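Working notes, structure below.
Chains as they are written, first to last, in the working numbering: chain G, 1467 to 1596; chain Z, 703 to 838.
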């Protein structure tokens, strides 16, 4: 089965991004497809490479980046939600005249259309949120 | 994409201000309208407050986005399911909600109300018919 996943709460504060990761990993390991994960609301904060959790804790961003690398999962961060919260890739930083970017490997910033498209193209859309 | 139309439901369960969920849900609805899907909105729990008329946000420094709901008819978003029990539990009636109309192109562009009051059981039945449910 083809699953689309939405993450709509921020990392560490809320379990949503952990549960979504565990679900995606289990689905992929059991032969299902997870073509895309869409990060919305505070969920966009999963995609910053500047977070530094304590070493004896999981690193949520790195977990997702590794999963994306292994299974070719498209990790999409909503551009409108990202701009409000200071999540930028190199192109957006340049376009907005900002002096830095912070997007992590395996993530990309794109529009809400990617969420709708994911809903159309997958068999099930599952939201991990509050 | 025309041959792949799905039933999309946006579930609005939170008050319009205090958190960003309602505003960012509306942003998804607006973008989603360009995809020519079969769209419905549900308002339940505190989400019914999103449709209350006469909203004034001057005191909290946040944009009042409630007029945008009245524009959704132009994007063919014309099905607003509002749960009766949620209204009643909050001391609200249909008269407290803003008037949201759309022009029915299949009926000589007659103006019709977008808001449909449903009870909890009817809301559940409507949800069960959907292909994609996005909850906010």
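Don't be surprised by glycine CBs; every beta carbon is placed ideally from N, CA and C.
Note that the structure is predicted; figures quoted are calculated from it, not measured.
>> Per the DSSP calculation, residue 740 of chain Z is bridged to which residue(s)?
In response: Z:709
>> If I follow the unbroken beta strand (DSSP E) through residue 1543 of chain G, where does it start and stop?
In response: 1540 to 1544
>> Does residue 1556 of chain G pass the burial test, meaning 16 or more other C-beta atoms within 10 Å, or should it be called exposed?
In response: exposed
> Can you list, in chain order, the stretches of the beta strand (DSSP E) that have 3 or more residues and sit fully within the region 760 to 814 of chain Z?
Replying inline: Given a length threshold of 3 residues, each whole run of the beta strand (DSSP E) inside the region 760 to 814 of chain Z is given here in chain order: 782 to 785, 803 to 806.
>> Whether or not the region 1576 to 1586 of chain G and the region 1544 to 1559 of chain G are in contact is what I'm after, with contact meaning three or more pairs of Cβ atoms, one per stretch, closer than 8 Å; do they touch?
In response: Yes, the region 1544 to 1559 of chain G touches the region 1576 to 1586 of chain G.
>> For a test of the three-state rule: what should DSSP assign to residue 703 of chain Z, helix, strand or coil?
In response: Confidence at residue 703 of chain Z is low in this model, with a pLDDT of 45, below 50, so the placement of that residue should be treated as unreliable; the coordinate-derived value is given next. Looking at residue 703 of chain Z - three-state DSSP - the assignment turns out to be coil, as it is neither helix nor strand.
> Looking only at C-alpha atoms, which of G:1595, G:1526, G:1565, G:1588 sits nearest to residue 1573 of chain G?
Replying inline: Just measuring C-alpha positions, the residue of G:1595, G:1526, G:1565, G:1588 sitting nearest residue 1573 of chain G is G:1526.
> When you compare each of Z:771, Z:763, Z:707 to residue 724 of chain Z by their alpha carbons, which one comes out closest?
Replying inline: Z:771
> Taking the continuous alpha helix (DSSP H) assigned at residue 1535 of chain G, which residues delimit it?
Replying inline: 1526 to 1537
> Who are the neighbours of residue 1593 of chain G on chain Z, taking C-beta pairs under 7 Å?
Replying inline: 836, 837
> Name the chain Z residues whose beta carbon is nearer than 8 Å to that of residue 1546 of chain G?
Replying inline: 726, 729
>> Using only CA atoms, which one of G:1520, G:1505, G:1519 lies nearest to residue 1513 of chain G?
In response: That would be G:1505, whose Cα lies nearest to the Cα of residue 1513 of chain G.
>> Using a Cβ-Cβ cutoff of 7 Å, what residues of the region 1478 to 1492 of chain G are near chain Z? List them in chain order.
In response: none
> With 7 Å set as the bound, which would you pick, yes or no: does the beta-carbon of residue 720 of chain Z sit closer than that to a beta-carbon of chain G?
Replying inline: no
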